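In the numbering used here, the protein residues as written are 7 to 156.
For each residue, glycine too, the CB sits at the ideal point set by N, CA and C.
None of the values given here were measured: they were computed from a predicted structure.
Take a look at the structure set out below.
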């Protein structure tokens, strides 16, 4: 979806895109993505959506995967539709970026956007825990409906 909507429209191709191959399943996909990120330092950009429950990157509210440290990738059960196993970068890896960009649309995301972007950090709203590293920038682009409670 990001490739078709954004990346294919760029004048120059990005130097690298690190897509998670979720179709491989939680275990094999996690192992492959760990290898993919082996020699990758700080990302230039991490693009995140936000679920109506405040989840990001398949890191769901109050799930143990929020507490994973010491590795870049974690597999998880689904906490939101579609209910399939998930693969995600861990919070420390997500934060290791020069720019973290949220793209949020829809009225059903307004409350979560308010908690994630204007509320206190909380494991009940994983989006509130996702911020670029100290030297990085965190930005959010929201449509009017998603921004209604900000």
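Review point. Span of the beta strand (DSSP E) holding residue 117?
Key: Looking at the DSSP string, residue 117 is not in any beta strand (DSSP E); the run it does join, the alpha helix (DSSP H), is 116-124.
Point to revise | Reduced DSSP secondary structure (H/G/I, E/B, other) of residue 73 | key: helix
Exercise for review: Give the DSSP-derived three-state secondary structure of residue 62 in the structure shown.
Suggested key: strand
Exercise for review: Measure the Cβ-Cβ separation of residue 138 and residue 103 and say whether it is below 9 Å.
Suggested key: yes
Exercise for review: With a threshold of 16 other CB atoms inside 10 Å of the CB of residue 80, please say whether the residue is buried or exposed.
Suggested key: buried
Check your understanding: Just curious, the beta strand (DSSP E) that residue 137 is in, first and last residue?
Key -> Premise fails: residue 137 is in no beta strand (DSSP E) and is neither H nor E.
Practice item. Answer with yes or no whether the minimum CB distance from residue 64 to chain B is below 9 Å. Key: This model lacks chain B altogether; it includes just one protein chain.
Point to revise | Pick from 91, 54, 101 and 24 that is closest to residue 148, judged by C-alpha positions | key: 54
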